[in-house]
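Written below as structure tokens is the structure these notes are about.
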Amino acid sequence: MGYPEVLAEPGSKVLMLGNVAVARACLEYGVGLASGYPGTPSSEVVEALAYAASKLGYPYVEWSVNEKVAFEVAYGAAISGVPSVVSMKHVGLNVAADPFFSSAYTGVEASLLVISADDPGMWSSQNEQDNRWYGVHAYIPVVEPAGAQEAREAALEALRLSGEVRHPVLLRLVTRVSHTRAPVTVGALGRPRLRGVFKSIPSRWNLIPAHARRLREELLERWRRIEDLVSRSELNVAEGPRDSQVVVIGVGVGYRYAREALRRLKAQVRLVKVTTPVPLPSKFVLGEVEGRDSVLVVEEGDPVFETMIKTLLQEVGLNTRVYGKRSGHLRATGELRLEDVEGAIAQVLGLGYRRPELLEATVKPPPRPPVLCPGCPYRSVFYAVRRAVKRLGLDVVYSGDIGCYSLAVNKPFNAQDTLIEMGGSVGLANGMSHVLGGRVVIATIGDSTFYHAGIPGLINAVYNKAPMMVLVLDNGVTAMTGHQPHPGSGFNAMGGEARRIPVEDVARGVGVDSVYVAEAFNPRDVEAKALSALRDVGEGKISVVIARGPCILMAMSRARAESIPRPSYVVDSSRCRGCMVCYKAFNCPAITPSGDGKITINKTLCTGCGVCERICPFNAIKPASYIDERWWNLLGLTTSSVGGG
Amino acid sequence: MASSESFNILIAGVGGQGVLTLSRIIGEASLASGLNVLVAETHGLSQRGGAVVVHVRIGDVDSPLVPLGEADLMIGLELLEVIRNIGYMRRGGFIVADRLIIPPSIPDVKTPSLDNVIEALRGLDVRLTVIPASEVAEKLGDVRVANVYLLGQAISITKLGSIIGFDGVVKVLRGLPNPELNLKAFKLGYMGGGFEC
Ligand SMILES: Cc1ncc(C[n+]2csc(CCOP(=O)(O)OP(=O)(O)O)c2C)c(N)n1
Ligand code: SF4
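Residue numbers (this note's numbering), protein chains in the order written: chain P, 894 to 1538; chain S, 229 to 425.
Printed below as a string of structure tokens:
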């Protein structure tokens, strides 16, 4: 995907996502290295930088194997004097937390910007954690922009601050900043610093206790200096009457909601915009709050700022009331909404506020959860694995993981009993395997997730002998988050060729004896190999089944690029007996009941994967046209495996 | 559009139907008209054939999300999604939607019929236009241009026409891949025709 807007003419005003505005700021500052691990809503930062790098030849950009490594990559460059940036989604920072905390102790030589995109409302995440706590916890300042234009400015300021105090800075984005497209005026591109020098200072870069104790003192000292700097930051501003008894403080995107709410209420109230919530810009805040009756804090996520400001007021002996999420004026879960903020302000001001009565339809729509795409290789894999399990009459637990394959949690597959965090499938399966006796544990994990955090769990299973079957869903990319490459893809973030590290080599290398590689689009092959693997587990082994077949979206775009025709499939209704296996058990979205008790295939949705032909018990599904062999090759099928149904 | 005015649009559909593209077209056309605009997109999970909704706010706005009950216009690429988001509509607001129901891909799901859905919408205090956009788009050669067909209709019957302008949209469409087809669908939608082509 292209991001031409990231290279817009200096001075021009262009529509861009908050994430792209951040990428632009990195280019303007002259960042020399960018790393990250994909995750919604953060991914476009690295993607846009990779796009820029493919055009400009700089900076160096990589998708790393996970967030911890991504962090270390940027940290390593920053202590070597190259301004660097690392980007991840909120939960990624949990994975990177170890070096994150240490980085505050050592500090850096050149700017280190850590980008965390939080996901309040959990649009694409397993939790709603507010990563500003990490700033408080680790003594790392947090900068939080209100929108796309501010994201450019905030990222630039964060990079400057980081360079000035030689300390990492956390840029906290949220879904509605990352993924809202807005007009952004851009500046000139900076000269990147691509080469650095490492100055060996053993007492600084070695966190042995003796050094760390001293560094902690220095850290607290630096923290006070940072607090002073952010108190004077031009990113924190106030507008409106100086004498209003109520002050509204909008933190990050909270400012945007508060501003519009005040306008709609026609309320003459002081509005404070805070872009640097951590450490609390005490002097600035006190200047705005002293002498007022009450303060309403509008912030996305947890009441982080609200809690800190209360502590401050207590310390200086002020009894200004503080309202927000702890007081129940705003909801503690989900995203902020304009109408909620309006209601909260009205409540504090003692104004009446009525929400409009909403229209309601008499017809209720059925739910529409996301599903595996038509032609997704996983449909075939889950269909086949479930058949193998049934044939052996096993009672299994599916220890699942995060990725497109998580969608197998739904009917008809019901092939995911747990989804906790990335890599958790194999880790949890270890524990289950030790305590569940007769039940067989199948850990299902995507390829990107396997490299990310699945390998240690697998090593643990071999080392501590925890029999299980690990099903690796190898579609060649990190599909769920937008098809980013990973160590199994054969190419890198900037589109260059990369050494492919096959999952089977890793599995064998760490001592797994029972390793099978199956063609994902060939359910018979998957079933046969799953059968063998499950028998191996019965004998106390750890087995790994790698179901390999490309994400159909990637296969289709390659077919388009290489002018390979795709077949489409049709139903021979004289043969279809209406058994509904393809509709109910295989559940391809392109297949629907036709009304006469049989089925039809939707031509626009059909991708030509051909799996339905292979699973139809009555040979009722056939290609409508001649099939180019290159299409089968693209899907990772050998011709012998696809002859006839 | 006066400097203190705003216009709220909701675009609803199913992943893969071109909801994001449509929102970007409106966003670009707004910016080209010198207006402030916010396009709050849905990425990630919801794109795998799930429900997708994008909020587009033009004018004097700060909040990225359309408040409930305040959408001036909903462009619906699919009718169940229109129903799902009906709470966003302002009374008397416009709905321009494709005459299309895509049943969710869940085995044995109960989907209301097209007639029932349209009837339910007709009973509400909204100005409803349901047109066979994807049917026309398919005849034109690519079902994916149903989105700009609907945009054409919305431009011709709502205030959006005077806000971003017919020519403004044409300019943006010229920059898309396959501009001819997009322009054709847009113009047909503007005239509200093409059923017979
Ligand atoms: C720690 C962490 N980082 C990133 C993510 C975002 N994320 C969700 S699924 C996924 C990876 C999916 O890739 P893969 O395992 O290859 O499965 P696929 O989507 O291709 O089926 C990622 C990176 C996350 N949930 N947690
Ligand atoms: S994007 Fe690819 S991996 Fe994900 S559901 Fe679709 S086909 Fe499957």
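Ideal Cβ placement from N, Cα and C applies to all residues, glycine included.
These numbers were taken from a predicted model, which means no experiment stands behind them.
Within chain S, the residues that residue i reaches when beta carbons sit closer than 8 Å
i: Glu1153 (chain P); result: Val289, Asp290 and Ser291
i: Cys1502 (chain P); result: Per Cβ cutoff of 8 Å: no residues; Cys1502 (chain P) is ~15 Å from chain S at best.
i: Thr1374 (chain P); result: Gly272
Heavy atom of ligand 1 within 7 Å of residue i beta-carbon
i: Asn1368 (chain P); result: yes
i: Val1363 (chain P); result: no
i: Met1027 (chain P); result: Rather than Met, the amino acid found at residue 1027 (chain P) in this sequence is Tyr. No, since every heavy atom of ligand 1 falls outside the 7 Å radius drawn around the Cβ of Tyr1027 (chain P).
i: Val988 (chain P); result: yes
i: Lys982 (chain P); result: yes
i: Ser977 (chain P); result: no
i: Val1291 (chain P); result: Note that residue 1291 (chain P) is Tyr in the sequence shown here, rather than Val. Checking every heavy atom of ligand 1 against the Cβ of Tyr1291 (chain P), none is found closer than 7 Å.
i: Gly320 (chain S); result: no
Cβ-heavy atom distance, residue i to ligand 2, below 7 Å
i: Tyr1271 (chain P); result: yes
i: Ile1445 (chain P); result: yes
i: Leu1064 (chain P); result: no
i: Met1373 (chain P); result: yes
i: Cys1297 (chain P); result: yes
i: Leu908 (chain P); result: no
i: Gly1459 (chain P); result: At residue 1459 (chain P) the sequence reads Arg, which differs from the Gly that was named. No.
i: Arg276 (chain S); result: yes
i: Cys1266 (chain P); result: yes
Contact list for residue i against chain S, beta-carbon separation under 7 Å
i: Val938 (chain P); result: Under the 7 Å cutoff, chain S gives no residues; its nearest Cβ is about 13 Å from Val938 (chain P).
i: Glu1232 (chain P); result: Pro295 and Leu296
i: Gly1355 (chain P); result: Looking at the sequence itself, residue 1355 (chain P) is Val, so the reference to Gly does not match. Neighbours of Val1355 (chain P) on chain S: none; closest Cβ ~33 Å, over 7 Å.
Residues sharing a beta bridge with residue i, DSSP
i: Pro1486 (chain P); result: P:Ile1492
i: Gly1339 (chain P); result: P:Leu1366
i: Asn236 (chain S); result: S:Arg285
i: Ile1514 (chain P); result: P:Val1464
i: Pro1076 (chain P); result: P:Leu908
i: Trp956 (chain P); result: P:Gly929
i: Thr1311 (chain P); result: P:Ser1292
i: Val1399 (chain P); result: Its beta-bridge partners do not exist; DSSP assigns none.
i: Leu942 (chain P); result: Answer by DSSP bridge pairing: none, since Leu942 (chain P) is not bridged.
i: Thr1371 (chain P); result: P:Gln1377
Per-residue contacts from residue i into chain P (C-beta, under 9 Å)
i: Met302 (chain S); result: Those do not exist, as Met302 (chain S) stays about 11 Å from chain P at its closest Cβ, beyond 9 Å.
i: Pro335 (chain S); result: Lys1304, Pro1305, Met1473, Tyr1476, Lys1477, Ala1478 and Asn1480
i: Val345 (chain S); result: Ala1254, Val1256 and Pro1258
i: Glu269 (chain S); result: Leu910, His1072, Thr1073 and Arg1074
i: Asp353 (chain S); result: Leu1252
For residue i, the first and last residue of its enclosing alpha helix (DSSP H)
i: Asp343 (chain S); result: Leu342 to Arg350
i: Leu1158 (chain P); result: Gly1147 to Leu1158
i: Thr1068 (chain P); result: Thr1068 to Ser1071
i: Gly1104 (chain P); result: It should be noted that the sequence gives His, not Gly, for residue 1104 (chain P). His1104 (chain P) -> alpha helix (DSSP H) spans Pro1102 to Ser1124.
i: Tyr1356 (chain P); result: Ile1348 to Tyr1356
i: Val1241 (chain P); result: Leu1231 to Leu1242
i: Met302 (chain S); result: Per DSSP, Met302 (chain S) belongs to no alpha helix (DSSP H); it is in the beta strand (DSSP E), Ala299 to Gly304.
i: Ser1175 (chain P); result: Ser1175 to Val1182
Unbroken beta strand (DSSP E) run spanning residue i, endpoints
i: Gln982 (chain P); result: Reading the sequence as shown, one finds Lys at residue 982 (chain P) and not Gln. First-last of the beta strand (DSSP E) with Lys982 (chain P): Ser977 to Lys982.
i: Ile1439 (chain P); result: Ile1435 to Arg1441
i: Val1144 (chain P); result: Val1139 to Val1144
i: Ile323 (chain S); result: Met317 to Asp326
i: Thr357 (chain S); result: Arg355 to Ile359
i: Arg1214 (chain P); result: Arg1214 to Tyr1216
i: Leu1164 (chain P); result: Arg1163 to Val1167
i: Glu1412 (chain P); result: Ser1407 to Glu1412
Interface residues of chain P facing residue i [CB-CB closer than 7 Å]
i: Arg312 (chain S); result: Pro1258
i: Thr386 (chain S); result: In chain order: nothing, as chain P lies at least about 17 Å away.
i: Pro360 (chain S); result: Here the premise fails: no neighbours, minimum Cβ distance about 15 Å.
i: Met317 (chain S); result: Leu1252
i: Leu266 (chain S); result: Thr1073 and Ala1075
i: Lys338 (chain S); result: Pro1259
Contact list for residue i against chain S, beta-carbon separation under 9 Å
i: Pro1249 (chain P); result: Pro295, Leu296, Gly297, Glu298, Arg318 and Arg319
Residue i CB to nearest heavy atom of ligand 4 below 7 Å
i: Ala1322 (chain P); result: Among the ligands modelled here, namely ligand 1 and ligand 2, ligand 4 does not occur.
The region 1383-1397 of chain P touching the region 1316-1329 of chain P, judged by at least three CB pairs closer than 8 Å: Contact fails: fewer than three Cβ-Cβ distances are below 8 Å.
Validate contact between the region 1332-1340 of chain P and the region 1348-1363 of chain P using beta carbons, cut 8 Å, 3 pairs: The way I'd put it, the region 1332-1340 of chain P does touch the region 1348-1363 of chain P; three or more beta-carbon pairs between them come closer than 8 Å.
Given 8 Å, three or more beta-carbon pairs between the region 997-1004 of chain P and the region 1101-1121 of chain P: Three or more pairs of CB atoms, one per stretch, sit closer than 8 Å, so the region 997-1004 of chain P contacts the region 1101-1121 of chain P.
The region 325-339 of chain S touching the region 1251-1270 of chain P, judged by at least three CB pairs closer than 8 Å: Here the region 325-339 of chain S lies against the region 1251-1270 of chain P, with 3 or more beta-carbon pairs under 8 Å apart.
Cβ contact (3+ pairs, closer than 8 Å) linking the region 1006-1026 of chain P and the region 923-935 of chain P: Segments in contact, yes.
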